[in-house]
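*Asks:* I have a structure I would like to understand better, so I am pasting it below and will then ask my questions one at a time.
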Amino acid sequence: MAETALQDAPIGMQIAAQSTWVWDVNVEVSGGAEALDVASLGNGYALIVSHDGEGTVGNHTWTNENAGGKVVIVEHDGTIRSDTNLAGEPVMQAVHADGLVILAHTSTGIMLEAIDTLGVRDEMIGIASSVSSSLNVHALTATQDSAFFTVSCPTDQGLVRLSGIDCTLANGRQRMITMQWDLQANTTSIEATAEWLTPLSNGLEIGGENGVMTEVLGPNPDCTHALHATSTTLFSAANAHCGERDHNTASNAISLLGTTAAWSTGEVEASAAHIYAARDLSSGVDAFDAQWNGFKDCSIGLLADASLRVFSHQSAMLVEGWNTGGNSPCDFASFNATSGASNTVEFSGLNTNMVVLGSTDFSSSFAVTSTREILSMAATSTPGVGFAAVCHTGTLASSGQALVSGGQSEQISIIAWHQDNVNNVTTHDVNAGCPQAIATNAGSFALLQNDGALQTLSIFSDDYDGDGFGETQDAFPTDRNQWSDQDADGFGDNGGFATSDDCPYTPGNSTSGRQGCGDIDGDAWADDSDAFPHDATQWADEDGDGFGDESTGNFADDCQDVAGTSNRDAYGCPDNDFDGFSNTGDAYPNDPSQWADSDGDGYGDNPSGIEGDNCPMTSGNSTEGLLGCVDMDGDGYADLIDNLPNEITQWNDLDGDGYGDNSLGVDYDEFRFDPTQSSDLDGDGYGDNIGGTRGDACMTVPGNSTEDRFGCIDSDGDGWSDTGDGFPTDKLRWLDTDNDGYEDSADAFPYDPSQHLDSDGDGFGDNSFGSNADRFPMDDSQWYDIDGDGYGDNPAGNKYDAFLAEPSQWSDVDNDGCGDNPFGRNADAFPNDATQCKDEDGDGYGDNQSGNNPDPSLFDRDNDGYNDSIDVLPDYASPGDLDGDKTPDADDAFPDDPLEQKDYDDDGIGDYTDPDDDNDGFLDDAERNAGTDPYDSNSKPIDSFEIIVPGTQIGLGAWDLIGILVGVPLSLWIGLGIVTRGGRAKRFEASLKAATQRDELEEIASAYERSVMLRMLGPHQAIRLERLRTELDDVLEQAIHEQRQQTPVAKTIPNVPSDVAYEQQQGW
613 MAETALQDAP
623 IGMQIAAQST
633 WVWDVNVEVS
643 GGAEALDVAS
653 LGNGYALIVS
663 HDGEGTVGNH
673 TWTNENAGGK
683 VVIVEHDGTI
693 RSDTNLAGEP
703 VMQAVHADGL
713 VILAHTSTGI
723 MLEAIDTLGV
733 RDEMIGIASS
743 VSSSLNVHAL
753 TATQDSAFFT
763 VSCPTDQGLV
773 RLSGIDCTLA
783 NGRQRMITMQ
793 WDLQANTTSI
803 EATAEWLTPL
813 SNGLEIGGEN
823 GVMTEVLGPN
833 PDCTHALHAT
843 STTLFSAANA
853 HCGERDHNTA
863 SNAISLLGTT
873 AAWSTGEVEA
883 SAAHIYAARD
893 LSSGVDAFDA
903 QWNGFKDCSI
913 GLLADASLRV
923 FSHQSAMLVE
933 GWNTGGNSPC
943 DFASFNATSG
953 ASNTVEFSGL
963 NTNMVVLGST
973 DFSSSFAVTS
983 TREILSMAAT
993 STPGVGFAAV
1003 CHTGTLASSG
1013 QALVSGGQSE
1023 QISIIAWHQD
1033 NVNNVTTHDV
1043 NAGCPQAIAT
1053 NAGSFALLQN
1063 DGALQTLSIF
1073 SDDYDGDGFG
1083 ETQDAFPTDR
1093 NQWSDQDADG
1103 FGDNGGFATS
1113 DDCPYTPGNS
1123 TSGRQGCGDI
1133 DGDAWADDSD
1143 AFPHDATQWA
1153 DEDGDGFGDE
1163 STGNFADDCQ
1173 DVAGTSNRDA
1183 YGCPDNDFDG
1193 FSNTGDAYPN
1203 DPSQWADSDG
1213 DGYGDNPSGI
1223 EGDNCPMTSG
1233 NSTEGLLGCV
1243 DMDGDGYADL
1253 IDNLPNEITQ
1263 WNDLDGDGYG
1273 DNSLGVDYDE
1283 FRFDPTQSSD
1293 LDGDGYGDNI
1303 GGTRGDACMT
1313 VPGNSTEDRF
1323 GCIDSDGDGW
1333 SDTGDGFPTD
1343 KLRWLDTDND
1353 GYEDSADAFP
1363 YDPSQHLDSD
1373 GDGFGDNSFG
1383 SNADRFPMDD
1393 SQWYDIDGDG
1403 YGDNPAGNKY
1413 DAFLAEPSQW
1423 SDVDNDGCGD
1433 NPFGRNADAF
1443 PNDATQCKDE
1453 DGDGYGDNQS
1463 GNNPDPSLFD
1473 RDNDGYNDSI
1483 DVLPDYASPG
1493 DLDGDKTPDA
1503 DDAFPDDPLE
1513 QKDYDDDGIG
1523 DYTDPDDDND
1533 GFLDDAERNA
1543 GTDPYDSNSK
1553 PIDSFEIIVP
1563 GTQIGLGAWD
1573 LIGILVGVPL
1583 SLWIGLGIVT
1593 RGGRAKRFEA
1603 SLKAATQRDE
1613 LEEIASAYER
1623 SVMLRMLGPH
1633 QAIRLERLRT
1643 ELDDVLEQAI
1653 HEQRQQTPVA
1663 KTIPNVPSDV
1673 AYEQQQGW
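For the sequence shown, position 94 matches number 706 in our numbering, and the numbering has no gaps at all.
Following this line, the structure appears as structure tokens:
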């Protein structure tokens, strides 16, 4: 067992520093904000801040917000990228590969929030207990997929439940609940529990929900614990002692995940201890990590707190509280719970603190102490290296060897370690206070420091090249001669070196001439050293003629040693005439307009120059128009422009008709501008080609006609030749195409001999006997009238005929297809109603059942409910009374006979017609005259003179006796009457039908009544005549009424049945 006497001077340790950390920038936290932790996030740092509604971090300030928490993202150079408000007061944070998880207190429980690498919130979820009070938070860790956290419930609220299970019992016993937050599904679940626990003043007890408790080493609910998760395993560290607890009599242990163990080797005596356990996340099985560590076997009681500063791939612990014992030795034991073996290192110390660094469960570890005092320690871990920022005075040592020297002044030493090996140590001045937290990121680290008055986030980075500037501030981290680049062009501001910037305040990429200066054309030459700053292919011009010396570049100088102006056949050579061609390559060195003669004909190739060759590649002899071209006929004009290249006397032919324009040459063209004419034999100005332009119709006789033909005699000078002039001696008239005697200019129809005048100008002639005659010569809107009714057929014209082929109709105001003329064909009974046209029964209601006011009965003229076929009086409305005799049909024995209403004796003959209603053998008239009742068969008239036949009741009155006496004459009279009755009835019927006044009807009725009395008419004939008279009387009465209404109505003669038909109807 080795002993370390901390008061002795340590031996120096040889540790090779991999890099030197240097301070780069400070970011102050103030104004109501308090930084709780710092973590690496993406390419920067996440500062976890609580605030009272306002605060400042660096140059970023907020005000008038709700008190709570923020995640402020700080870049490596100290600039603030963004901030994200949290849902509660932050308590813990855990970093994973894709971001950060924050656990915050709320009034009802806790809130978990996931922040991505850009500082943007991805997910959040809240957890509340049954009593909606804040939870105790003990540990937090996270991976890319899940976060794990341990909480417990308050003990002053009675029974408390959380996530479906009891968290605190009514007797105060507690569960430590470890939960999982699935970041992909955003759900929570219980992962493991340690139960039932009761903290003691010096330790911890465990038991059931009730009953006896047992002393145990384990997760004290009053302490902070630790979790560390990988993709497969959840590691836990339970803190058994905090707040100066020194429980040293336990014989059992329980992990944070609930795994228990006991020792058979005796009681566990420890003044400070941590219990380690791990869970397989795929199987859900827990196991002790076979380790616990703590201080034991102290000769004098030791009160100490062992606080985990980081629990990860590499773990760090700060042991505080050597407040007793002087230099008494104590053992720091790492105990194997499985084998019972322990590895111990004995330490003796003064009143000071100690740092323990090592692997996850400290199974591989080493202690760091100081010759004076360790004030604080912050730590973080990556999978390969852990970093501990130790604030101390004196010299730091481990295993008796010095790690870093120190004296009375405070300093911060950064220890990098892996398991039980120190990788490097650097030390820094304490300018902003001892560290509260540390985070590393991409070659730098950040310390959250507090000097008691101000919090500061100090960012350090590696100084790889040893120039005193860290990577974050060093523009050239691998060049020890350079560190600043104000214009950010890649060249250092520190002069005198190969990488120095010759233009330190102006960005540039030049590398030749001068470095780091502007290079517009990008040829690596600085613009002020580049003879051609806008041409990347040239940069030097030795002879100063403006042509570059680089032979492969643009416009390379062909005479680099002699200044020249040539720029066509060669660049930068002498050119006396300044035509762009060098003297050696110019066929005309003193003529600036010419320089070559390719065909050697003496004319220069430049057609615009002096005597320029128009055919520079063909030798020629032309001298007119075009120079130096072929001229086969030798007239001086090149064949290219010679219209007659084989005729020496001609060369131009402007109109291209094959005749030359030279009046002195062969075949001279008298019409140079007219390709259709070339000669004029009679000299009248009209060409001899009759088919050409203005061809002469009389080519041998000069003439002046211009209208019907050209070049012929026109005696009256009106432009019309005498042969084509209808009026050859009248210059005011000349053309009568239709030979109707009217000159075409005055003839409205010059091609129609039957028409010449159109008064209304509508294109139709006034002659009614001519072709296409105008039926309305004074109306330009009408011309045709097919039906001859005086109304035009043009629908857009005046007095338009709506019925083109119907002479009796022309107007249709309502456009229903029926004419408005009431006396014409297909007349409209309703001329102003487009929905009605016909009214066959003349009752004033239209026959169209879909139109306005439709006729309720199409075959009932008087609309009394009886069709005309059965209506006794079809023109007299009598609803409910068919025959119109004022007796309702229900009470009328003869509903279709206006003369009859009753039939007393039910013999089928109405009482009005029946001569003997009671059938007693006496006519009704006789009974009325005798004073007897014509409707009572027992009431009979008796003559004043009567002879009773003996033995009978037969009486013979005077008239009977007279009848017997005159029987033969009476029989003859009756026979004569019967024979003449038919003709007499017809005469009476004819008289009734011919009557035109109601008085005439009455006279005729009196006449046939006398005939009935004289037996010259039969009763049935009298009935028929009376029926006819009644109907005719109705008709005349209606006619009188309509005349008063000024509506002419023709008299309608009723259809009265013949005698035979009537007798058949009556059954006689």
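Using N, Cα and C, we set each Cβ at its ideal position, and we do this for glycine too.
Keep in mind the model is a prediction, meaning the values are calculated, not measured.
So, using beta-carbon positions, are ALA658 and LEU724 closer together than 8 Å?
*Replies:* No; because the gap between Cβ atoms is not below 8 Å, this pair is not in contact.
*Asks:* Which partner residues of GLY1104 appear in the DSSP bridge assignment?
*Replies:* SER1112
*Asks:* Could you have a look at GLU1601 and say whether DSSP puts it in helix, strand or coil?
*Replies:* helix
*Asks:* On the criterion of 16 or more Cβ atoms from any shown chain inside 10 Å, does VAL1425 qualify as buried, or is it exposed?
*Replies:* exposed
*Asks:* Residue range of the alpha helix (DSSP H) that ASN1166 falls in?
*Replies:* Per DSSP, ASN1166 belongs to no alpha helix (DSSP H) and is neither H nor E.
*Asks:* Can you give me the start and stop residues for the alpha helix (DSSP H) that ASN693 sits inside?
*Replies:* The sequence given here has Arg at residue 693, not Asn. Element bounds for ARG693: not the alpha helix (DSSP H) but the beta strand (DSSP E), 692-698.
*Asks:* Look at ALA991 and ALA1044 and say whether their C-beta atoms are less than 8 Å apart.
*Replies:* No, the pair does not count as a contact, with Cβ atoms beyond the cut-off.
*Asks:* How big is the Cα-Cα spacing for THR632 and PHE999?
*Replies:* 14 Å
*Asks:* According to DSSP, is TYR1183 helix, strand or coil?
*Replies:* strand
*Asks:* Going by the beta-carbon positions, is the gap between THR836 and ARG891 smaller than 8 Å?
*Replies:* Contact: no.
*Asks:* Hey, SER764 and ARG787: beta-carbon distance below 8 Å or not?
*Replies:* yes
*Asks:* Output the distance between the C-alpha atoms of ARG1180 and SER1194, rounded to the nearest integer angstrom.
*Replies:* 8 Å
*Asks:* Contact between the segment 1117-1133 and the segment 670-684 is defined here as three or more beta-carbon pairs at a separation below 8 Å; is this criterion met?
*Replies:* no
*Asks:* Quick check on LEU715: does DSSP put it in helix, strand or coil?
*Replies:* strand
*Asks:* Quick one, are the C-beta atoms of THR767 and GLY870 less than 8 Å apart?
*Replies:* no
*Asks:* Determine the direct distance from the alpha carbon of TRP1346 to that of GLY1248, and round the result to whole angstroms.
*Replies:* In this model, GLY1248 and TRP1346 are separated by some 55 Å (Cα to Cα).
*Asks:* With burial defined as no fewer than 16 other Cβ atoms inside 10 Å of the residue's Cβ, what is the status of MET1229: buried or exposed?
*Replies:* exposed
*Asks:* What three-state label does DSSP hand ALA1619 in the structure shown?
*Replies:* Residue state, collapsed to three classes: helix.
*Asks:* Against chain C, with Cβ distances strictly below 8 Å, would PRO1047 count as a contact?
*Replies:* Annotation note: the requested chain C is absent from the structure, which comprises a single protein chain.
*Asks:* Specify, as a first and last residue, the run of the beta strand (DSSP E) that ASP794 falls within.
*Replies:* 786-794 is the extent of the beta strand (DSSP E) around ASP794.
*Asks:* Roughly how many whole angstroms lie between the Cα atoms of ASP1225 and THR1312?
*Replies:* 50 Å
*Asks:* Quick one: any contact between the segment 1068-1077 and the segment 1100-1116, if contact means 3 or more CB pairs under 8 Å?
*Replies:* Under the Cβ criterion (8 Å, minimum of three pairs), the segment 1068-1077 does not count as touching the segment 1100-1116.
*Asks:* On the three-state DSSP scale, how would you describe ASP1334?
*Replies:* helix
*Asks:* Residue range of the alpha helix (DSSP H) that GLU803 falls in?
*Replies:* Where GLU803 is concerned, there is no enclosing alpha helix (DSSP H), although the beta strand (DSSP E) it sits in stretches over 799-811.
*Asks:* Can you tell me whether DSSP reads GLU827 as helix, strand or coil?
*Replies:* Correct three-state label for GLU827: strand.
*Asks:* Skipping 5 residues on each side, what residues in its chain have a beta carbon closer than 6 Å to that of VAL641?
*Replies:* ALA647, VAL669 and GLN1067
*Asks:* Report the rounded CA-to-CA distance for TRP793 versus THR1007, giving the unit in angstroms.
*Replies:* 44 Å
*Asks:* Classify GLY1018: buried if its beta carbon has 16 or more other beta carbons within 10 angstroms, exposed otherwise.
*Replies:* With 16 or more Cβ atoms within 10 Å of its Cβ, GLY1018 is classed as buried.
*Asks:* Pick helix, strand or coil for ALA1634, following the three-state DSSP scheme.
*Replies:* helix
*Asks:* Please determine, among THR1261, GLU1236 and ASP1267, the residue with the shortest C-alpha to C-alpha distance to LEU1252.
*Replies:* Looking at THR1261, GLU1236 and ASP1267, the one whose alpha-carbon comes closest to that of LEU1252 is GLU1236.
*Asks:* Please name the residue in ASP1169, PRO1186, LEU1535 and ASP1170 whose C-alpha comes closest to that of GLY1176.
*Replies:* PRO1186
*Asks:* With a threshold of 6 Å on Cβ separation, who are the neighbours of PRO1287 within its own chain once the five nearest residues in sequence on each side are excluded?
*Replies:* ASP1267, GLY1268 and ASP1269
*Asks:* Under the DSSP definition of a beta bridge, which residues are partnered with MET704?
*Replies:* Per DSSP, LEU715.
*Asks:* Among the candidates ASP1300, ALA740 and SER801, whose CA atom is the shortest distance from the CA of THR720?
*Replies:* ALA740
*Asks:* Would you kindly work out how many angstroms separate the C-alpha atoms of GLY1160 and GLY1232, rounded to a whole number?
*Replies:* Distance from the CA of GLY1160 to the CA of GLY1232, rounded to the nearest whole angstrom, comes to 42 Å.
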